[in-house]
Amino acid sequence: MAVTDRVKPRSPRRQSLPPEGTKGVRRLAFSQKVSKWDVKVSPYLYISPFFILFALTGLFPLVYTAWVSLHSWNLIGGQGKFTGLENYAFAVAQPYFWNAVGNTFSIFVLSSLPQVVIALVVAAVLDANLRARTFWRMGVLVPFVVAPVAVGLIFNNLFADQFGLINEMLKAAGLDPVRWHSDSLASHLAIATMVNFRWTGYNALIFLAAMQAIPRDVFEAATIDGAGRLRQFFSVTVPMLRPTVIFVVITSTIGGLQIFDEPRVFDQSGLGGADRQWQTLTMYIWELGWGQRNFGRASAVAWLLFLIIVLIALLNFLITKRIASQGGRK
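First residue of the sequence shown? That's 23 in my numbering, and the numbers climb one at a time after it.
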């Protein structure tokens, strides 16, 4: 038998299949394509829950509030006719609106500036070699976990005009009592004290975490150069905390301009005093929405407050960034 006669002819189906090498190349190319898509898409999938929650709880209320502010919207009757910017024009023409703006900024300045400075000092003390340092570090956070209403009730009694502890101490020292619920500046000081009581410890822990990230070699070198603890605080600690200071200042700005709990519980009526001495913008929104049942005007004031917060936050960011860049060039 000849050699050619022993060769079995290929079946038609087997002849139509691609060679084994071509199939492996295609499989490898598909795997590489899937790997590239995995690298590109996976990070977005991992962080997508945050953006979905933000869209549901942050972005949608913001957009819906803007829609409500352009309509005549009653709490009971619901959506009315389209009014355009009429609600905004009404809000800026009201003296109560500008009174609330002034009160908000006054309480914000009286609370935020001392709060940041005291928090820096407290953090520096907690960063030192203290006995039972964990106890003290947890202790400064206790006011933050107390309910705002409880803080308001306690300080409302402390700053009571007739029988408050503060006025009794002033009388014992031979000073005149202060009309905490009548004078504008006195009421703003009392409310700012409540805010500082709650938030100073929280900000101090943020500063403390940033301080502990500073390399200890820097402090050892400063000590060898003869710098005392006070000089190290101003020349080493504070300059290296600039990014954290910027963060705390911006968050304090947002929280300070949205203040509601403390001034709301400072009296029983909830209007910010008999003459609205301490009525803030959020309290004015509450009055328009739930007191007058006009959600359109309340939403317009809410959007004006949002724009004010964005403007002040940007201004704070630019100022603190400029100070940080000047310090870096030195």
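Ideal placement from N, C-alpha and C gives every residue a C-beta, glycine not left out.
Fair warning: this is a prediction, and the values are worked out from it, not measured in the lab.
TODO: Alpha carbon to alpha carbon, how far is F157 from L234? Give it in angstroms, no decimals.
DONE: Note that residue 234 is Gln in the sequence shown, not Leu. If I take the Cα positions, the gap works out to 17 Å.
Open item on the list: Within 10 Å of its beta-carbon, does F52 have 16 or more other beta-carbons around it, so buried, or fewer, so exposed?
Closed with: exposed
Open item on the list: For M216 and G250, I'd like the C-alpha separation in whole angstroms.
Closed with: 34 Å
Task: Run of the alpha helix (DSSP H) containing N96, from where it starts to where it stops - done: Per DSSP, N96 belongs to no alpha helix (DSSP H); it is in the beta strand (DSSP E), H93 to N96.
- [ ] Please report how far the alpha carbon of R315 lies from the alpha carbon of I98, in whole angstroms.
- [x] 8 Å
Open item on the list: So, at 8 Å on beta carbons, what are the nonlocal neighbours of M23 in its own chain, with the 5 sequence-adjacent residues on each side left out?
Closed with: Below a pLDDT of 50, predicted positions are generally treated as unreliable, and M23, at 44, falls in that range; no measurement from the model is reported.
Task: Proximity below 9 Å, CB of G292 to CB of R286 - done: yes
TODO: Can you tell me which of I331, V63 and F282 puts its alpha carbon nearest to the alpha carbon of T273?
DONE: I331
Open item on the list: Considering only DSSP beta bridges, list what G100 is partnered with.
Closed with: N96
Task: Identity of the residue in G318, A113, F185 and L326 nearest L92 by Cα - done: G318
Open item on the list: For Q299, tell me which candidate among F72, I129, G277 and G106 has the shortest Cα-Cα distance.
Closed with: I129
Open item on the list: I need the boundaries of the alpha helix (DSSP H) containing P136, first residue and last residue.
Closed with: P117 to L148
Open item on the list: Here's the rule: buried if 16 or more other CB atoms are within 10 angstroms of the residue's CB, otherwise exposed. What is L336?
Closed with: exposed
Task: Which listed residue (G46, A115, W312 and T302) has its alpha carbon closest to that of N125 - done: T302
TODO: Just confirm the distance between the C-beta atoms of L230 and A145, as a whole number of angstroms; I'd bet it's less than 8 Å.
DONE: 4 Å
Open item on the list: Going by DSSP in three states, N316 sits in which element: helix, strand or coil?
Closed with: strand
Task: Secondary structure, alpha helix (DSSP H): runs of 4+ residues fully inside the region 39 to 94 - done: 42 to 76 and 82 to 91
- [ ] Identify which residue in L107, L50 and F127 has its Cα closest to the Cα of L211.
- [x] F127
Task: Exposure of N151, with buried meaning 16 or more beta-carbon neighbours within 10 Å - done: exposed
Task: Euclidean distance between Cα positions of S206 and D149 - done: 38 Å
TODO: Return the CA-CA distance between V200 and F166, expressed in angstroms with no decimal places.
DONE: 27 Å
Open item on the list: Quick check: the Cα distance between S133 and Y224, rounded to an integer number of angstroms?
Closed with: 14 Å
TODO: Within 10 angstroms of the Cβ of V85, are there 16 or more other Cβ atoms? Answer buried if so, exposed if not.
DONE: exposed
Task: Simplified DSSP assignment, three categories, for W202 - done: coil
Open item on the list: Helix, strand or coil, according to DSSP, for S291 in the structure here?
Closed with: coil
Open item on the list: My assumption, with CB atoms under 8 Å, is that M262 sits in contact with F282. Please give the rounded CB distance.
Closed with: 35 Å between Cβ atoms; not a contact.
Task: Span separating the alpha-carbon of V90 from that of N96 - done: 10 Å
TODO: Give every residue of the same chain whose Cβ lies closer than 6 Å to the Cβ of F177, excluding the five residues on either side of it in the sequence, and list them in chain order.
DONE: M216
Task: Enclosing alpha helix (DSSP H) for Q254 [first to last residue] - done: R251 to Q254
Open item on the list: Taking 8 Å as the cut-off, does the region 183 to 194 touch the region 101 to 110 (at least 3 CB pairs, one atom from each stretch)?
Closed with: no
Task: Distance between W325 and A88 (C-alpha atoms, nearest Å) - done: 7 Å
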